[in-house]
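Trainee:
2 protein chains.
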Amino acid sequence: MTDTTRKRSDKKREAIIQAATQAFQEFGVNGTSMDKLAELAQVSKRTVYNHFSKKEELVMHLIKEQWKSALVNIGVEYQCDLPLNGQLEELVFQEVTFMCSEGHLELARVAIGHFFYEPEKLKDEVAQLKAQESSLHRWLKAGKADGRMSFDDLEQVVNEIDSLIKGQCFWPQLFKIEDTLSEDDKRRITKNIVALVLCRYST
Amino acid sequence: MTDTTRKRSDKKREAIIQAATQAFQEFGVNGTSMDKLAELAQVSKRTVYNHFSKKEELVMHLIKEQWKSALVNIGVEYQCDLPLNGQLEELVFQEVTFMCSEGHLELARVAIGHFFYEPEKLKDEVAQLKAQESSLHRWLKAGKADGRMSFDDLEQVVNEIDSLIKGQCFWPQLFKIEDTLSEDDKRRITKNIVALVLCRYST
DNA sequence: TGAAAAGTAAACTGTTCAGTGTAAAATGGG
DNA sequence: CCCATTTTACACTGAACAGTTTACTTTTCA
Chain C
1 MTDTTRKRSD KKREAIIQAA TQAFQEFGVN GTSMDKLAEL AQVSKRTVYN HFSKKEELVM
61 HLIKEQWKSA LVNIGVEYQC DLPLNGQLEE LVFQEVTFMC SEGHLELARV AIGHFFYEPE
121 KLKDEVAQLK AQESSLHRWL KAGKADGRMS FDDLEQVVNE IDSLIKGQCF WPQLFKIEDT
181 LSEDDKRRIT KNIVALVLCR YST
Chain Y
1 MTDTTRKRSD KKREAIIQAA TQAFQEFGVN GTSMDKLAEL AQVSKRTVYN HFSKKEELVM
61 HLIKEQWKSA LVNIGVEYQC DLPLNGQLEE LVFQEVTFMC SEGHLELARV AIGHFFYEPE
121 KLKDEVAQLK AQESSLHRWL KAGKADGRMS FDDLEQVVNE IDSLIKGQCF WPQLFKIEDT
181 LSEDDKRRIT KNIVALVLCR YST
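Going down the list, the sequences are from chains C and Y.
The first sequence begins at 1 in my numbering and counts up one residue at a time.
The second sequence begins at 1 in my numbering and counts up one residue at a time.
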């Protein structure tokens with residue numbers, strides 16, 4: 001397999017992935033036939049099958065790929081010498097921005113469309129994702145250790161914040177019930193969440 | 001159409017609806033063929049088509065039906081002479097209980113499975129549902145009028161409470177990522193939500 | 001009892017789609 | 001120019017499925 005052949009092959013592969021990404025987002029996995037996909041990718045159907053032996057393989061490839069690229073770390077480290085308010089606002093704002101970004105929403109749509117009737121598989125994937133301790137976890141833990149935050153159950157607080165974020169910045173957009181949020185919307189929502197949380201859990 | 005014929009016909013119809021309800025929940029609308037459905041209902045396929053001329057008609061019938069029956073009013077009216085805590089706890093608990101009931105989850109699964117790639121239709125349906133002012137709306141408004149609650153934006157507060165409830169009692173269960181909640185779970189979650197909300201918005 | 005209403009079984013139409021087989025053609029290195 | 005690899009066009013298989021047609025049976029009740 002020579003270098004140039006690989007290059008041509010890679011280009012085709014790229015085109016397939018590109019087309020699949022778009023098509024799956026627009027029509028869903030089930031709504032995108034392999035014929036249609038090949039046509040969109042400007043590639044023969046057979047070539048699609050040369051690169052991905054089953055539709056499922058292509059789907060999983062895309063999802064994993066997007067998962068990976070989505071994991072650009074959100075990072076704000078706790079600092080004893082700064083007010084809680086500003087720090088937590090920055091952290092929540094980053095999460096909000098990520099949650100309602102088109103990239104993340106599109107990934108979620110494909111994944112949900114694909115896994116909706118395979119809850120077992122979904123559970124596994126989500127478990128993997130949840131395994132990593134989030135920046136939010138770390139920050140809250142540090143705040144408690146520092147004596148400026150007070151709560152019994154860390155997991156519960158994380159859950160509450162997560163619910164508040166997703167309930168306003170993810171689910172409505174996922175189902176296209178609400179439009180994309182403006183920067184002002186994001187700021188406003190962030191401020192409200194932070195106010196709510198600090199009012200209750202800061203000492 | 002005589003009385004007894006109606007009875008036989010109704011039984012068949014009932015069997016169809018019954019089977020469709022189950023099958024749509026388990027396999028999704030797209031995953032349930034009309035042949036399979038007829039078999040599950042112990043009814044000939046033609047009979048299915050005699051009652052519902054298209055699959056779509058059957059689907060819509062089910063969804064509307066369940067919507068309707070789901071609208072058992074959640075009702076707790078604001079009372080000036082009782083502590084906020086207990087009142088709001090009762091109200092939130094009712095919402096929590098409704099949200100995570102199997103009936104509601106199953107309806108939501110069918111609706112989402114059906115509407116996922118038809119966001120326009122979904123938007124319409126949701127708009128209809130949102131039109132009704134909830135008991136929560138009324139209670140918060142009354143609390144504010146009474147001077148015991150304080151907030152600028154009613155809609156936002158309702159949204160926050162709604163997010164907290166759904167984030168812990170609806171979405172995880174919808175995707176079968178979390179198990180059904182026990183009574184204790186519901187109570188605990190309710191208490192935490194109410195504490196969070198009153199801490200911030202009661203005067 | 002007999003006619004109307006409803007149900008049944010099974011074959012059939014037409015379509016969509018995943019996945020395969022094959023032979024010809026394009027590509028690019030040696 | 002020749003050889004490897006890859007791509008392409010296209011026909012094909014086999015399955016699934018919505019919806020229809022037909023010829024026949026059962027139920028109900030007047």
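Idealized CB from N, CA, C, for every residue including glycine.
For the alpha helix (DSSP H) containing Y/Leu174, list its first residue and its last residue.
Mentor: Unbroken alpha helix (DSSP H) run through Y/Leu174: 171-174.
Trainee: By the three-class DSSP mapping on this structure, what secondary structure does C/Ser202 have?
Mentor: Here C/Ser202 sits in strand by DSSP.
Trainee: Suppose only complete runs of 4+ residues qualify. What are the alpha helix (DSSP H) ranges in the region 120-184 of chain Y, listed by chain order?
Mentor: If we require 4 residues or more, the alpha helix (DSSP H) runs fully inside the region 120-184 of chain Y come out as 135-145, 154-169, 171-174.
Trainee: Which residue marks the beginning of the alpha helix (DSSP H) containing Y/Glu204, and which one marks its end?
Mentor: In the structure as shown, chain Y begins at 1 and stops at 203. Residue 204 of chain Y is therefore absent and cannot be evaluated.
Trainee: Does C/Cys199 come within less than 8 Å of chain Y when only Cβ atoms are used?
Mentor: Judged by the 8 Å Cβ criterion, C/Cys199 is in contact with chain Y.
Trainee: Tell me whether Y/Thr32 is buried or exposed, calling it buried when 16 or more other Cβ atoms sit within 10 Å of its Cβ.
Mentor: With 16 or more Cβ atoms within 10 Å of its Cβ, Y/Thr32 is classed as buried.
Trainee: Does DSSP put Y/Lys54 in a helix, in a strand, or in coil?
Mentor: Y/Lys54: coil per DSSP, three-state reduction.
Trainee: Assign C/Arg8 to one of two classes, buried (16 or more other C-beta atoms within 10 Å of its C-beta) or exposed (fewer than that).
Mentor: When all chains shown are included, C/Arg8 counts as exposed.
Trainee: If you check the beta carbons only, do Y/His104 and Y/Val59 fall under 8 Å apart?
Mentor: Not closer than 8 Å, so no.
Trainee: Closer than 9 Å between beta carbons: that is the criterion. Which residues of the region 103-127 of chain Y meet it against chain C?
Mentor: Cβ contacts with chain C come from Arg109, Ile112, Gly113, Phe115, Phe116, Tyr117, Pro119, Glu120, Leu122, Lys123, Val126, Ala127.
Trainee: Between the alpha carbons of C/Asp211 and C/Ala41, how many angstroms are there, rounded?
Mentor: In the structure as shown, chain C starts at 1 and stops at 203, and residue 211 of chain C therefore has no counterpart that could be examined.
Trainee: Give the residues from the region 135-151 of chain Y that approach chain C closer than 9 Å (Cβ to any Cβ), ordered along the chain.
Mentor: If the cut-off is 9 Å between Cβ atoms, the region 135-151 of chain Y has nothing near chain C.
Trainee: Figure out for me which residue from Y/Gln94, Y/Arg187, Y/Gln18 has the closest Cα to the Cα of Y/Glu65.
Mentor: Comparing Cα-Cα distances from Y/Glu65 to each of Y/Gln94, Y/Arg187, Y/Gln18, the minimum goes to Y/Gln18.
Trainee: What residues in its chain sit with their C-beta under 7 Å from that of C/Phe106, if we drop five residues either side in the sequence?
Mentor: Here the sequence assigns Glu to residue 106 of chain C, which means Phe is not the residue at that position. So the qualifying residues of the chain are Gln25.
Trainee: From C/Ala20 to C/Leu37, what does the alpha carbon distance come to, in whole angstroms?
Mentor: Whole-angstrom Cα-Cα distance: 6 Å.
Trainee: Which residues, in order along the region 169-188 of chain C, keep a beta-carbon less than 8 Å from a beta-carbon of chain Y?
Mentor: Here the close residues are Trp171, Phe175, Lys176, Ile177.
Trainee: How would you call Y/Ile44, buried or exposed, if buried means at least 16 neighbouring beta carbons within 10 angstroms?
Mentor: Note that residue 44 of chain Y is Ser in the sequence shown, not Ile. Exposed, because fewer than 16 other Cβ atoms sit within 10 Å of the Cβ of Y/Ser44.
Trainee: On the CB-based measure, 16 or more other CB atoms within 10 Å of its CB, does Y/Ala145 come out buried or exposed?
Mentor: By the neighbour-count rule (16 or more Cβ atoms within 10 Å), Y/Ala145 is not buried but exposed.
Trainee: What does the alpha-carbon distance come out to for the pair C/Ile112 and Y/Ser53?
Mentor: Their Cα atoms are separated by approximately 30 Å.
Trainee: Thinking C-beta only, is Y/Val126 closer than 8 Å to Y/Ile161?
Mentor: Taking 8 Å as the Cβ cut-off, Y/Ile161 and Y/Val126 do not qualify as a contacting pair.
Trainee: Using a C-beta cutoff of 8 Å, does C/Ala23 count as contacting chain Y?
Mentor: By this cut-off, C/Ala23 is not an interface position.
Trainee: Find out if the Cβ-Cβ distance for the pair C/Leu122, Y/Phe151 is shorter than 8 Å.
Mentor: Their beta carbons are not under 8 Å apart, which means C/Leu122 does not touch Y/Phe151 by this criterion.
Trainee: Roughly how many whole angstroms lie between the Cα atoms of C/Gln132 and Y/Arg46?
Mentor: Rounded to the nearest angstrom, the two C-alpha atoms are 53 Å apart.
Trainee: Which residues in the same chain have their Cβ closer than 7 Å to the Cβ of Y/Glu90, if we skip the five residues on either side of it in sequence?
Mentor: Val76, listed in sequence order.
Trainee: Measure from the alpha carbon of Y/Phe27 to the alpha carbon of each residue in C/Glu118, C/Ile16, C/Val157, then state which is nearest.
Mentor: When only C-alpha atoms are compared, the closest one is C/Glu118.
Trainee: Comparing alpha-carbon positions, which option in C/Glu102, C/Leu84, C/Ile177, C/Phe98 lies nearest Y/Lys130?
Mentor: If we check each option's Cα against that of Y/Lys130, C/Ile177 comes out closest.
Trainee: For the pair the region 178-196 of chain Y and the region 84-99 of chain Y, tell me if three or more CB-CB distances fall below 8 Å.
Mentor: Yes, the region 178-196 of chain Y touches the region 84-99 of chain Y.
Trainee: What whole-angstrom Cβ distance do Y/Cys100 and Y/Gln156 have, given they're in contact under 8 Å?
Mentor: About 24 Å separates the two Cβ atoms, so there is no contact after all.
Trainee: Specify the secondary structure class of Y/Glu14 as computed by DSSP and reduced to three states.
Mentor: In the structure shown, Y/Glu14 sits in a helix (DSSP, three-state: H, G or I).
Trainee: Could you check the C-alpha separation between C/Thr190 and Y/Glu56 for me, to the nearest Å?
Mentor: Distance between the alpha carbons of C/Thr190 and Y/Glu56: 41 Å.
Trainee: Do C/Phe98 and C/Ile74 count as a contact pair if the criterion is CB distance below 8 Å?
Mentor: Yes; because the gap between Cβ atoms is below 8 Å, this pair is in contact.
Trainee: Going by other Cβ atoms of all chains shown within 10 Å of its Cβ, with 16 needed for buried, is Y/Cys207 buried or exposed?
Mentor: Since the first and last residues shown for chain Y are 1 and 203, residue 207 of chain Y lies out of range.
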